[in-house]
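S.K.: Residue numbering for the sequence shown follows my numbering, beginning at 1 and increasing consecutively.
Have a look at this one before I ask anything.
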Amino acid sequence: MELHRAGGGDRKLALVGLVYGLASFAVGGAFAIAGVWLVSFVVWVPGLFFFVLGLILLTGSLRPFRIALSDTGLVVESEGHRFAGPWSQVDGISIEQTVPVGSPPLSRSLLVLWVAEEVPMRHAPSFPPQGNGRKGHVIAEMDNIRETHNQVAEALRRYAGEKFRSLR
Numbered sequence: 001m002e003l004h005r006a007g008g009g010d011r012k013l014a015l016v017g018l019v020y021g022l023a024s025f026a027v028g029g030a031f032a033i034a035g036v037w038l039v040s041f042v043v044w045v046p047g048l049f050f051f052v053l054g055l056i057l058l059t060g061s062l063r064p065f066r067i068a069l070s071d072t073g074l075v076v077e078s079e080g081h082r083f084a085g086p087w088s089q090v091d092g093i094s095i096e097q098t099v100p101v102g103s104p105p106l107s108r109s110l111l112v113l114w115v116a117e118e119v120p121m122r123h124a125p126s127f128p129p130q131g132n133g134r135k136g137h138v139i140a141e142m143d144n145i146r147e148t149h150n151q152v153a154e155a156l157r158r159y160a161g162e163k164f165r166s167l168r
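Structure below.
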């Protein structure tokens with residue numbers, strides 16, 4: 001089973017920012033030709049902001065995302081993490097709920113992977129230590145995955161077996 005990135009909301013928002021930025025440059029240019037430089041500046045500044053924001057969102061939405069589960073193992077290309085190996089190289093995988101913070105208090109559901117100690121990973125683990133005292137790798141936010149929490153949990157139960165720790 002392969003998990004998919006949720007919706008194209010980021011790409012749509014990026015497109016809006018890019019189009020708004022380009023339109024602002026054109027409108028500001030028309031005002032500059034007419035000699036109204038102050039208005040050109042007022043139009044160009046937010047246009048530049050939205051164009052850059054659109055580029056950032058577009059770049060972020062094009063990052064590789066692949067989480068594939070099978071009987072033989074796990075493949076992860078997400079959040080800068082790269083892992084491809086059999087389940088024997090995985091110490092555990094779980095869906096974790098963070099402690100609510102902020103006002104109003106918000107929490108996040110995270111897909112966290114613990115690999116065996118001898119398995120090299122590109123990034124240092126960042127999720128707080130669990131029972132064995134080792135930190136885990138956050139490989140995805142559940143809000144960014146198209147499949148529901150229950151679908152992901154069922155797939156992990158099926159493929160990861162005892163390595164999956166469910167909160168529900």
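Backbone N, C-alpha and C define an ideal beta-carbon position, used for all residues, glycine too.
All values reported here derive from a predicted model rather than from experimental measurement.
Kindly indicate which residue of ALA14, ALA155, ARG122 has the alpha-carbon position closest to the one of VAL54.
M.R.: The residue asked about is misnamed: residue 54 is Gly in this sequence, not Val. Nearest option by C-alpha distance: ALA14.
S.K.: Going by other Cβ atoms of all chains shown within 10 Å of its Cβ, with 16 needed for buried, is LEU156 buried or exposed?
M.R.: Burial call: buried.
S.K.: Under DSSP, the alpha helix (DSSP H) around LEU110 begins and ends at which residues?
M.R.: LEU110 -> not in any alpha helix (DSSP H); beta strand (DSSP E) instead, spanning 109-115.
S.K.: Which of the three DSSP states is assigned to HIS137 in this structure?
M.R.: HIS137 falls in the strand class under three-state DSSP.
S.K.: Have a look at VAL75 and VAL101 and give me their C-alpha separation to the nearest angstrom.
M.R.: VAL75 and VAL101: Cα-Cα distance of roughly 31 Å.
S.K.: Since ILE67 contacts ALA153 with CB under 8 Å, what's their CB separation in whole angstroms?
M.R.: Incorrect: roughly 14 Å between the Cβ atoms, too far for contact.
S.K.: Among the candidates SER103, GLY73, SER40, LEU106, whose CA atom is the shortest distance from the CA of LEU113?
M.R.: Ranking the options by Cα distance to LEU113, first place goes to GLY73.
S.K.: Which whole runs of the beta strand (DSSP E) in the segment 40-80 are 3 residues long or more, in chain order?
M.R.: Counting only runs of 3 or more, we get 66-69, 73-78.
S.K.: Look up ALA34 in the DSSP assignment and say whether it is helix, strand or coil.
M.R.: ALA34 falls in the coil class under three-state DSSP.
S.K.: To the nearest angstrom, how far is it from the Cα of SER103 to the Cα of ASN144?
M.R.: Each residue's alpha carbon lies about 22 Å from the other.
S.K.: Report the rounded CA-to-CA distance for SER78 versus LYS12, giving the unit in angstroms.
M.R.: Near 21 Å, if we compare the C-alpha coordinates of LYS12 and SER78.
S.K.: Using only CA atoms, which one of VAL42, LYS135, VAL52, PRO64 lies nearest to GLY17?
M.R.: Here the closest residue by C-alpha is VAL52.
S.K.: Hey, how far is the Cα of SER70 from the Cα of ALA124?
M.R.: Their backbone Cα atoms lie some 25 Å apart in a straight line.
S.K.: Per the DSSP calculation, VAL27 is bridged to which residue(s)?
M.R.: Beta-bridge pairing links VAL27 to no other residue.
S.K.: Relative to the C-alpha of LEU57, which candidate in GLY133, GLU147, ASP10 has its C-alpha closest?
M.R.: For the residues GLY133, GLU147, ASP10, the minimum Cα distance to LEU57 belongs to ASP10.
S.K.: By DSSP, does VAL16 sit in helix, in strand, or in coil?
M.R.: In this structure, VAL16 counts as helix in the three-state DSSP scheme.
S.K.: Note down the Cα distance separating VAL90 from PHE164, rounded to an integer number of angstroms.
M.R.: Taking the straight line from one Cα to the other gives about 10 Å.
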